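Line by line, the protein sequences are chains A and B. Heads up, the first sequence is in our numbering, so the first residue is 89 and it goes up one at a time. Heads up, the second sequence is in our numbering, so the first residue is 89 and it goes up one at a time. These notes are about the structure you will find just below.
There are 2 protein chains.
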Amino acid sequence: MSKPAPSPIYLDHNGTTPVDPAVLAAMQPLFEEAWGNPSSPSAPGLRAREALEAGRGRVARLLGCEPSEIVFTSGGSESNNTVLKGVVNPAEASRYHVITSSIEHPAVLNPALYLAELGAGLTVLPVDGQGLVDPGAVREAIEPRTVLVSVMLANNETGALQPVREISRIARERGVPVHTDAAQAVGKIPVDVGGLGVDFLSVAGHKLYAPKGVGALFVRKGRSLTPLIHGAAQERGLRAGTESAVLAAGLGEACRIAAERMDRDMKAVRAMRDRLQELLFESVDGLVLNGPQEGRLPNTLFVSVPGVEGGRILEGVPTLYASTGAACHDRSVTLSHVLSAMGVPPEVGMGALRLTVGRSNSMGQVEEAARMIADRVRELRKEER
Amino acid sequence: MSKPAPSPIYLDHNGTTPVDPAVLAAMQPLFEEAWGNPSSPSAPGLRAREALEAGRGRVARLLGCEPSEIVFTSGGSESNNTVLKGVVNPAEASRYHVITSSIEHPAVLNPALYLAELGAGLTVLPVDGQGLVDPGAVREAIEPRTVLVSVMLANNETGALQPVREISRIARERGVPVHTDAAQAVGKIPVDVGGLGVDFLSVAGHKLYAPKGVGALFVRKGRSLTPLIHGAAQERGLRAGTESAVLAAGLGEACRIAAERMDRDMKAVRAMRDRLQELLFESVDGLVLNGPQEGRLPNTLFVSVPGVEGGRILEGVPTLYASTGAACHDRSVTLSHVLSAMGVPPEVGMGALRLTVGRSNSMGQVEEAARMIADRVRELRKEER
Numbered sequence: 089m090s091k092p093a094p095s096p097i098y099l100d101h102n103g104t105t106p107v108d109p110a111v112l113a114a115m116q117p118l119f120e121e122a123w124g125n126p127s128s129p130s131a132p133g134l135r136a137r138e139a140l141e142a143g144r145g146r147v148a149r150l151l152g153c154e155p156s157e158i159v160f161t162s163g164g165s166e167s168n169n170t171v172l173k174g175v176v177n178p179a180e181a182s183r184y185h186v187i188t189s190s191i192e193h194p195a196v197l198n199p200a201l202y203l204a205e206l207g208a209g210l211t212v213l214p215v216d217g218q219g220l221v222d223p224g225a226v227r228e229a230i231e232p233r234t235v236l237v238s239v240m241l242a243n244n245e246t247g248a249l250q251p252v253r254e255i256s257r258i259a260r261e262r263g264v265p266v267h268t269d270a271a272q273a274v275g276k277i278p279v280d281v282g283g284l285g286v287d288f289l290s291v292a293g294h295k296l297y298a299p300k301g302v303g304a305l306f307v308r309k310g311r312s313l314t315p316l317i318h319g320a321a322q323e324r325g326l327r328a329g330t331e332s333a334v335l336a337a338g339l340g341e342a343c344r345i346a347a348e349r350m351d352r353d354m355k356a357v358r359a360m361r362d363r364l365q366e367l368l369f370e371s372v373d374g375l376v377l378n379g380p381q382e383g384r385l386p387n388t389l390f391v392s393v394p395g396v397e398g399g400r401i402l403e404g405v406p407t408l409y410a411s412t413g414a415a416c417h418d419r420s421v422t423l424s425h426v427l428s429a430m431g432v433p434p435e436v437g438m439g440a441l442r443l444t445v446g447r448s449n450s451m452g453q454v455e456e457a458a459r460m461i462a463d464r465v466r467e468l469r470k471e472e473r
Numbered sequence: 089m090s091k092p093a094p095s096p097i098y099l100d101h102n103g104t105t106p107v108d109p110a111v112l113a114a115m116q117p118l119f120e121e122a123w124g125n126p127s128s129p130s131a132p133g134l135r136a137r138e139a140l141e142a143g144r145g146r147v148a149r150l151l152g153c154e155p156s157e158i159v160f161t162s163g164g165s166e167s168n169n170t171v172l173k174g175v176v177n178p179a180e181a182s183r184y185h186v187i188t189s190s191i192e193h194p195a196v197l198n199p200a201l202y203l204a205e206l207g208a209g210l211t212v213l214p215v216d217g218q219g220l221v222d223p224g225a226v227r228e229a230i231e232p233r234t235v236l237v238s239v240m241l242a243n244n245e246t247g248a249l250q251p252v253r254e255i256s257r258i259a260r261e262r263g264v265p266v267h268t269d270a271a272q273a274v275g276k277i278p279v280d281v282g283g284l285g286v287d288f289l290s291v292a293g294h295k296l297y298a299p300k301g302v303g304a305l306f307v308r309k310g311r312s313l314t315p316l317i318h319g320a321a322q323e324r325g326l327r328a329g330t331e332s333a334v335l336a337a338g339l340g341e342a343c344r345i346a347a348e349r350m351d352r353d354m355k356a357v358r359a360m361r362d363r364l365q366e367l368l369f370e371s372v373d374g375l376v377l378n379g380p381q382e383g384r385l386p387n388t389l390f391v392s393v394p395g396v397e398g399g400r401i402l403e404g405v406p407t408l409y410a411s412t413g414a415a416c417h418d419r420s421v422t423l424s425h426v427l428s429a430m431g432v433p434p435e436v437g438m439g440a441l442r443l444t445v446g447r448s449n450s451m452g453q454v455e456e457a458a459r460m461i462a463d464r465v466r467e468l469r470k471e472e473r
């Protein structure tokens, strides 16, 4: 008798999350009920408008802002681009200066580099060995022409929580608006735009059990942006395009659930992550934690097995879905930009594994995952001898 | 015994369409099966990638291009902005010139005006009384610095089919790329990018029975664009953001259905539109057709009842969902930019009604709609005497 195929274990929730069944249930009827054009005054339009605004209210509630401060977008990348490009007049880019950090998502770093190509000043702040931005460096980087500081709330690889509150305080003193890419934080930890003091905040639906194709942008009342997508006057003129009431409702429901389950999820996810970390450190010699032990997303474990390729580890455990932190080709290693920015040596970073726990995992799964990884590392190390 | 409430009649398919049940059926299982991140090499990612590429193949098939020439976007507005802004370096906008027409959708006109604000040259071509662009005017407008001609394939109000093929031929002779906003044409009439000779073509999912929140952009092989959304390398570097396999599959299925039903739908929809037109012209004195009789989308009827406010006509027939072509406030009339560009007098344009037939309508419905409109107009005219 052959053993049944083992069920897969998904530990890549920072990559993307499945759609929560309750989110799906909230969206399903709306495909048929709220398909109207929210800009139309007829009954189908009004029904769609209602669902759209209900979704907006729920997103606002999770973030602690007014519904009128929420703009729906197609996702985190669009939200980030809207802010970065929306604060600079590209015709006279050299009159502007933007500050960001070396560990941002490409959807912040690449628009920032694009602005620099156009002639804008750009400061990319370094991070320390734990992957943290120094708020003092923000103070030093601010120039009279600085129009934005953009520092993420939680890093997607290390889970490191950045000192956004302190950064906002410093920038605010100088009258400089602050943006934070909160794609990895929203839904995992409490996020309050008031407490953070930010002017702009990006949300990516698919990181918090909403579908792909929807995101949000918090734009503090009184702040303005040049739209990324010009056209008709949807979303108070900040984002053209017929709004999807269905996707907005999906993101709204995901935010409602996140708020409702926040304490419970954080506790459960943290317990699983901590157990996974404990087991791996017990069973894998020389294991290194990338990023901080404290001040980290409760679901994120980013470790390195020195001298062993992360990709080869995962190849040997095909029922475990996780990410690496480096790409190895022939004999060269390309570390992720986050590990590079942290100054992690290639022989350590090459063995990086990112294990990110989520709502659907069980304690049994993380224990099984730890066992599989430890076995696989032993096997690879034996081969090498 | 009171009469049962009449079922509503939706004649606003150029505004938006409901999601086709088959499109919904194609998407439903994918929310659970294809939720992975298409950039991830793990099983959930591969499954999502597969659905994404299948969707892309179907969109490409409808348009007659290679799948690699299709970029998924969040909708028509994003597709249009991607082209308009993607061909101009905003840091030296004055070295660029763009040609468009006065009857484009705001998602073309407003990005074009934004480019002009940055310093780019902009020619907005007039239209004739039928709402048609003269290809000869394109020839005259081309300058050495012209980098784009953007003329829509079918107008959303009049349904007028623009001479895009001739415009492409003229522009191509001068080496100028051509974009067409085909949001209103795709799914309603055969659209072939080869025959049209265009370099860029925009598709809006929700105009062809796919959900809102998804669109596509055809980018001819060899043409390049600066991305509107910078970030990770999705969509061959042309559009960052985690792709929604579900939405792509929805748009793909909508395109497959459109191709399959094209002949049948065109015939049925045209018969209903023609009947509606015939009945209205029979029963409403002085009715005016806005736009051309021939060379028009088969589903579109844009008429004016001179001297009567379109909005007041629709107010009196609350179970008929349609659009107007003007907004009346106090004693002043603001015509749509399309009617204005056509030189329609305010006293005629104020009474504009856009009636756009779709897949779900029946001949009985259009006959009922004609009766309701005619009765309502009679009522309003009586009041005025």
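C-beta: ideal position from N, C-alpha, C; glycine also. Keep in mind the model is a prediction, meaning the values are calculated, not measured.
Judged by their CB atoms, GLY303(B) and ALA292(B) are nearer to each other than the 8 Å cut-off. GLU166(A) belongs to the set of residues whose beta carbon lies under 8 Å from a beta carbon in chain B.
For the stretch 409–421 of chain A, the set of residues with a beta-carbon nearer than 9 Å to any beta-carbon of chain B comprises TYR409, ALA410, SER411, in chain order. ASN449(B) is outside the set of residues whose beta carbon lies under 8 Å from a beta carbon in chain A.
With respect to the 8 Å criterion, PHE306(B) and ILE158(B) are classified as neighbours on the basis of their beta carbons.
Taking CB atoms only, ILE317(B) has a neighbour in chain A less than 8 Å away.
Burial state of GLN381(B) is exposed, judged by a 10 Å Cβ sphere holding fewer than 16 other Cβ atoms. Only ALA292, HIS294, PRO299, LYS300, GLY301, VAL302 from the stretch 292–303 of chain B bring a Cβ to less than 8 Å from some Cβ of chain A.
As computed with DSSP, ARG384(B) is found in a beta bridge with ALA248(B). In the structure shown, SER411(B) falls within a strand segment according to DSSP collapsed to helix, strand and coil. Contact annotation: GLY413(B) and ARG384(B) have beta-carbon atoms that are not nearer than 8 Å.
At a C-beta separation below 8 Å, VAL107(A) has these neighbours in chain B: PHE119, GLU120, TRP123.
Flagged as an interface residue toward chain A: PRO132(B), by a C-beta distance shorter than 8 Å. Look at CYS153(B) here: in three-state DSSP terms it is coil, with no helix or strand label.
In the three-state scheme derived from DSSP, where H, G and I count as helix and E and B as strand, TYR184(B) is classed as coil. DSSP, read as helix, strand or coil, puts LEU220(A) in coil. Taking 8 Å as the CB threshold, ALA457(A) stays off the interface with chain B. At least 8 Å separates the beta-carbon of ALA179(B) from that of LEU201(A).
Within the same chain, Cβ atoms closer than 8 Å to the Cβ of GLU154(B) are found at ALA148, LYS309, the five residues on either side in sequence being excluded. A direct Cα-Cα distance of roughly 7 Å separates ASP269(A) from SER238(A).
Sequence-distant Cβ neighbours of GLY133(B) in its own chain, meaning closer than 8 Å and more than five residues away, are GLY124, ASN125, PRO126, SER127. Residues of the stretch 178–190 of chain A with a C-beta less than 8 Å from any C-beta of chain B: PRO178, ALA179, ALA181, listed in chain order.
Interface criterion met: the Cβ of SER162(A) is under 8 Å from a Cβ in chain B. Under the three-state reduction of DSSP, TYR202(B) is assigned to helix. Residues of chain A with a Cβ closer than 9 Å to the Cβ of ASP100(B) are, in chain order, GLY124, ASN125, SER128, SER130, PRO132, GLY133. Unbroken alpha helix (DSSP H) runs of no fewer than 4 residues, entirely contained in the stretch 317–405 of chain B, are found at 333–371, 398–403, following chain order. As DSSP reads the structure, THR170(A) sits in no beta bridge.
A straight-line Cα-Cα distance of about 22 Å links LEU408(B) and ALA333(A).
Nearest to LEU423(B) by C-alpha distance, out of ARG183(B), GLU245(B), ALA142(B), ALA136(B), is GLU245(B). Between GLY143(A) and LEU339(A), the C-beta spacing is below 8 Å. Annotation: the continuous beta strand (DSSP E) that includes ARG442(A) extends over 440–444. Looking at the DSSP output, TYR98(B) sits in a beta bridge with TYR409(B).
For ILE158(B), the enclosing beta strand (DSSP E) begins and ends at 158–161. Secondary structure note for GLY282(A): its alpha helix (DSSP H) is the uninterrupted segment 281–284. Bridge partners of ILE277(B) according to DSSP: VAL274(B). Judged by their CB atoms, LEU296(B) and VAL274(B) are nearer to each other than the 8 Å cut-off.
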